[in-house]
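Asks: I have a structure here, written as structure tokens, and I will follow up with some questions on it.
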Amino acid sequence: MIPLRNMQCRDNYENLGRYDGESQRKPVYRLVYMYCMRFIQYLWRLFRLYTRPWDLLDEDEATTSGITDGAADEQQNRVIFVNRPQPQKFVNNRISTAKYSVPSFVPLFLFEQFRRYSNCFFLLIALLQQIPDVSPTGRWTTLTPLILILTVSAIKEVVEDFKRHRADDETNRRKVEVLRDGRWQSIRWEKLQVGDICKVVNNQFFPADLVLLASSEPQGISFIETSNLDGETNLKIRQASPDTARLDSVFTLVDFRATVQCEPPNRHLYEFNGMLKEANAKTLPLNLEQMLLRGAMLRNTAWVHALVVYTGHETKLMKNSTKAPLKRSSIDRQTNTHILMLFMILLVLSLLSAGCNELWLSMRTNTDWYSGLDEAQNAHFGFNFLTFLILYNNLIPISLQVTAEIVRFFQAKFIAMDGEMYHEQTDTPALARTSNLNEELGMVRYVFSDKTGTLTCNIMEFRKCSIAEVIYNKPSPNERLEDTLLYQNLNSGHPSAPVITEFLTMLAVCHTVIPEPIDGGINYHAASPDERALVSGAAAWGWAFETRTPTAVTVRARGRSLTFAVLHVLAFTSARKRMSVLVRTPTGEIKLYCKGADSVIYPRLAGGPRAAPYAEATLAHLEHFASEGLRTLVYAVADVPERVYEDWSNMYHKASVAIHDREQKIEEAALLIENNLRLLGATAIEDKLQDGVPEAIAALLKANIHVWVLTGDKQETAINVAHSARLLHSAMPLLLLNEESLDATRESLSRHLTDFGENLRKENEVALVIDGQTLKYAMGCDLKKDFIDLCVSCKVVVCCRVSPIQKAEVVEMVSRATGAVTLAIGDGANDVAMIQRASVGVGISGVEGLQAVCASDYSIAQFRFLVRLLLVHGAWNYSRISKLILYSFYKNICLYVIELWFAIYSAWSGQILFERWTIGFYNVIFTALPPFAIGLFDKICSPEIMLRHPVLYIPSQQGLLFNVRVFWVWAVNALLHSVLLFWLPVLLTSHHVLWSSGKDGGYLVLGNFVYTFVVATVCLKAGLATHSWTWVTHVSIWGSLALWFLFILVYSNLYPVVVIGAVMRGMDRMVFSSLVFWFGLLLVPVATLLPDLVITVVHNSAFKTMTEAVRESEIKKRDPAALLAHPRHSWTYLICYVRGMTTFKSAADARLAVARLAQSSRRPRGCYRTCAACSDAAPPRAPPLSSSCRMDLRSLKRRARACRRRTSSARTTRAGRGRAPELTDAPPCRRRVHDVLLDRRYDVQSKNKYFRHILMNFKYTFF
């Protein structure tokens, strides 16, 4: 082989000589330098953009749902003319959820791809390779893999976007009837316009956001189902204004002239403010009761006539289809940092190599004048720098991003395909709504959970009530109503009988439930399970709610039908925490029924919270109900005089027709009427825990995951549920924070922090319980740090009476203060903000709809599935992605650092060692399969073992598999491997005789030798890093090797049939016919990986971690609990291990030692007379044998084994080792031989045990 130490690659410099010296190169260099610096600055800006927290992005990016709070867009109010041309142009009704269109695909796709600065870097390298005589690897070796990777990504995008286009076309081509030219015409949805009057029939979807004008039902009522919007399957009522309910025919609609003024399009699903002004008529308020949203379905109503107000992408449905907030995993952020560091190292190496090239040339020009180095000196430093930059660019793996994307995509599919997380009752599988956070599931430190519907079933059942200081239990199904205490008090003239009547009437009237008659009964449709349970509870005592109209409700009370005129409904909100109904009773009285939380009802009682009748006893009953884990509500009533009502009604009407700040004005009006209340009683509703919740929380706590409960329920209820869920136990102290002022909160926090002392910010077996009012003070700027210190010092935190925004603030506070990965899980609209603020959001598809699911990253059907999602899929995916990234960097460093060693070997020439296309195909073909096998099928342990031992989650939670130290250990390991992979083949070929004919090979033969050894080494390294070998693992490793050999066979014979690879012609015959190559193929990979193998075996033996102990026990089919109890990382274990190894040889000679002892113990016959049964005076080294002791060695061994079996149960200890008892009935000489024999036999067994232990570690290292 031709040595390359003292020569440059002439071809490059001969080509450079075609230019006229520096005069033509200098401007090119400066131009390239300028663009390189600009590119580096761009990368830095992009890095800063991608590494900043997602919550620092603008509000538009961080908001995804109209369910969350937010101000409406400050735009001009919309004015719509009915049956007249629209002076203002509105958007059409065509929707497009697709990401691309045909003309925009290429620019948008390229923009999305090159937002990743790794792709920008490789594009820059590809462009630099186009500069003549700069690239040592050719013009296409980087561009071709980049195009291949972009093509794979483009195909993925096209397939996904084609599905969106097909769904959009199907929706846009639906038909709806529209009033045109005095008659109904059927048109496509996409042709619908603002101001059109359309007709929707039963079981049809609404094509746009509509205002209800009239319906087939009396008084303009219609029923809708909004499951496509919020997941709620219960029917909702919508009512047309009485003044428009007459528009039930074409003739009345044609003559209808009006103007509608409403708020601009926004994303708030449950808000709509507007007014309708008909000619010569009063202004009518429009609100949510008249709103028919696109995506909802008309049910149990023959037809409706409605006016189109919002179309297309301005509908509330499309406004809520914005992208979720940008969330990136911790591993992604760390990887970007490492890529940036490698890029800096790449620049440094390029600069050093270019400098060394200049230095070497300056030292050799005069002495080696014959080699033409004066021509090489004409090469500018900048060109050399670019040459080495291109040469080393693949230190950053070009295929990492697309490989990780594909792996994460299939990991998300595996989560959805897991049958253990499928809920058969609701036919709901687990769903990964994003794949970017798969590994983040394995790093969760804090879980923030809602209570109702998340820990509990959200299936409410009325249990008991308190009326006028008396507790009544709901009658059982087998109990007669007449036998109940409530019925007896009602009929016996008890003093509380009028209060009981008023209470039960309020239960049947104060709600928004819609009754649906069914065979032999009534089915209640309610917005919340609580209301359904309360109405059912009233029916159980004889107050049955029967019918509802827009203006009245009918109740059958004890056989009599009572109709109550509904005057106004003041709806429940999370901020109000109460609901009120103004009704006119059958006797003509006006009453206000108000129900809600005790914290808001008691301050509004007449006479004050304490002086009101029944207040003290009812409060005690509430605490009793809450201690049983029941949900409570307080009920009160107020008599409203007619004149007071009229004045208030006028004020309320003005507030209801306001376009701006309507909700605030309505709330102010409600405060004026909701006072001077008279307490009636309270209710208690049971919400049972979901199946498996206690076991799930226990597993999470064992996995070192902190579980916080954030609920709107009472403190006592939350504490009781926490006890039932095993989150709290009787021996755990409770810190209760129920303060009513800022100063009291400050004092309480200071006292508790002082009590913790040195244990502050350490996990203690203490639970913190805080209510919403105190939380508001504790979350203030001056107390937030003390509050978070107190929280992280407690093992469990329960927050009660908290609002949705407080939930989100708590999650954000913990995320920022601790830097830990947080997970929020909930099932309702009030959990959306919390889910979006957490690192990982999990939604439960429950009774309250799909709002939480739509805003989440992952969705499950039951809380218990969270354990498998985290402990199995989370830990697996974290380990898989970590290994995939580490292995991708390893294999690139392993190959491309060899170019640095070859540069040293070839006098910094910048020449490549490998054929250019083999360099380009390294990542995309020859080593592409092992990362997929690791990322998709590698398992730490089986799912059963992972769930049985939650402590196995801790290594991934603490980031032990991927951090700065681990990354650079892998990088240094790859660096050392590259040293062996280059210099060992150089030594093997140092005599330049590779074939028996004595012929020599060029540098490319060496390059193919090294390349083969590298491919073999990195593939086997993948096997060494794999925890579980499957058939996919075998295919990926051996298949990758086979691909390389197949490639070299084909590629070496393409030229001249195909005009590529001329330098590789005949290379297969040259390489495969060399015995040096086959010897090196066995020697080099083994020599390279043997230290890794030894280190792995020693680590798994002497420094066994919990994970390795459990894996070993699983392979041995033994209980891993004993291995987990053993001390790990113990020097004592290592010392015992080494002692066993050092004495192994002597133990193997036990038989020879016994034979020598027996030989030395034999004496002439005459000596036997001097020892009667072996005299004690005999020499200790050679005790005499009596005639009865003369036996051969085999018989002695046989009898010793039999004696050992008989006495195995009574072993004693000798010198720290177990042994059989001595033969007390045998002479000392026999005992001597017997003892030595047993000791040596035990030594052999002991050392064989160590030997088997080593073999077992080799076994489970690979299998």
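Here the sequence shown is numbered in the numbering used here, starting from 11 and rising by one per residue. Positions of the beta carbon are idealized from the N, C-alpha and C atoms, including for glycine.
Mapping the DSSP letters down to three states, classify HIS631 as helix, strand or coil.
Replies: Helix, per DSSP.
Asks: CB-CB under 6 Å to GLU726, same chain, minus the five flanking residues each way: which ones, in chain order?
Replies: GLU633, ALA636, SER637
Asks: Taking the C-alpha atoms as reference points, what is the distance between VAL1024 and PRO704?
Replies: 52 Å
Asks: Please determine if the stretch 264 to 280 and the stretch 338 to 351 are in contact, where contact requires at least 3 C-beta pairs separated by less than 8 Å.
Replies: Segments in contact, no.
Asks: Below 7 Å between beta carbons: does that hold for ARG594 and ASP867?
Replies: The Cβ atoms of ARG594 and ASP867 do not sit closer than 7 Å to each other.
Asks: Who are the near neighbours of MET1080 in its chain, counting only those whose CB is closer than 7 Å to its CB and skipping five residues on each side?
Replies: GLY1011, VAL1015
Asks: Should TRP978 be labelled buried (16 or more other beta-carbon atoms within 10 Å of its own) or exposed?
Replies: exposed
Asks: Does CYS864 pass the burial test, meaning 16 or more other C-beta atoms within 10 Å, or should it be called exposed?
Replies: buried
Asks: With C-beta atoms as the reference, is VAL882 less than 7 Å away from PRO960?
Replies: no
Asks: Looking at the structure shown, is GLU526 part of a helix, part of a strand, or coil, going by DSSP?
Replies: strand
Asks: Where does GLU479 sit, in a helix, a strand or coil, going by DSSP?
Replies: coil
Asks: Roughly how many whole angstroms lie between the Cα atoms of ASP206 and LYS587?
Replies: Approximately 39 Å, taken between the alpha carbons.
Asks: With DSSP as the reference, identify every bridge partner of SER196, one or two as the case may be.
Replies: GLU187
Asks: Under DSSP, the beta strand (DSSP E) around ASN276 begins and ends at which residues?
Replies: Annotation: ASN276 is outside any beta strand (DSSP E) and is labelled neither H nor E by DSSP.
Asks: Can the beta-carbon of MET1074 be found closer than 7 Å to that of GLU925?
Replies: Less than 7 Å divides the Cβ of MET1074 from the Cβ of GLU925.
Asks: Within 7 Å of any Cβ in chain C, is that where the Cβ of MET661 sits?
Replies: Absent from the structure: chain C. Only one protein chain is present.
Asks: Starting from ASN533, follow its DSSP beta bridges and name the residues at the other end.
Replies: GLU526
Asks: At which residues does the beta strand (DSSP E) containing ALA694 begin and terminate?
Replies: 688 to 699
Asks: Distance check for ASP948 and ALA981, CA to CA, integer angstroms please.
Replies: One C-alpha to the other measures close to 21 Å.
Asks: Determine, using beta carbons only, whether ARG267 and ASN87 come nearer to each other than 7 Å.
Replies: no
Asks: Grouping DSSP H, G and I as helix and E and B as strand, with all else coil, what is GLU235?
Replies: strand
Asks: So ALA255 and ASN103 are supposed to be a Cβ contact under 8 Å. How far apart are they, rounded?
Replies: Between ASN103 and ALA255 the Cβ distance is about 26 Å, and since that is not below 8 Å, they are no contact.
Asks: From the DSSP secondary-structure annotation, give me the bridge partner or partners of ILE870.
Replies: DSSP output for ILE870 lists ILE854 as bridge partner(s).
Asks: By the 10 Å Cβ neighbour count, where 16 or more other Cβ atoms means buried, how is PRO228 classified, buried or exposed?
Replies: exposed
Asks: Please look up how many angstroms separate the CB atoms of LEU451 and ALA316, rounded, as I've assumed it's under 8 Å.
Replies: 45 Å between Cβ atoms; not a contact.
Asks: What distance in whole Å lies between the Cβ atoms of ILE247 and ILE524, which are believed to be in contact at a cut-off of 8 Å?
Replies: 5 Å
Asks: Does DSSP classify TRP658 as helix, strand or coil?
Replies: helix
Asks: Drop a sphere of 10 angstroms on the beta-carbon of THR462, count the other beta-carbons inside from all chains shown, and report buried for 16 or more, exposed for fewer.
Replies: buried
Asks: According to the neighbour-count rule (16 or more other Cβ atoms, all chains shown, within 10 Å of its Cβ), is CYS1029 buried or exposed?
Replies: buried
Asks: Where ILE135 and VAL850 are concerned, what is the direct C-alpha to C-alpha distance, given to the nearest angstrom?
Replies: 36 Å
Asks: Distance, Cα to Cα, ASP68 vs PHE1019?
Replies: Residue confidence for ASP68 is low, a pLDDT of 35 falling below 50, so the modelled location carries little weight; the figure read from the coordinates is stated next. Those two C-alpha atoms are separated by around 55 Å.
Asks: In chain order, what residues of the same chain lie with their CB nearer than 8 Å to the CB of GLU526, ignoring the 5 residues before and after it?
Replies: LEU245, ASN310, ILE532, ASN533, TYR534, HIS535
Asks: What is the DSSP secondary structure of ALA1188, counted as helix, strand or coil?
Replies: Only weak support is given to the placement of ALA1188: the predicted model assigns it a pLDDT of 40, under 50, and the value that follows is read from those uncertain coordinates. ALA1188 falls in the coil class under three-state DSSP.
Asks: Can you tell me where the beta strand (DSSP E) with MET1332 in it begins and where it stops?
Replies: No answer is possible for residue 1332: it lies beyond the span of the chain, which begins at 11 and ends at 1273.
Asks: Going by DSSP in three states, ALA364 sits in which element: helix, strand or coil?
Replies: helix
Asks: May I have a chain-ordered list of the alpha helix (DSSP H) segments no shorter than 4 residues that lie completely inside the stretch 453 to 516?
Replies: 495 to 501
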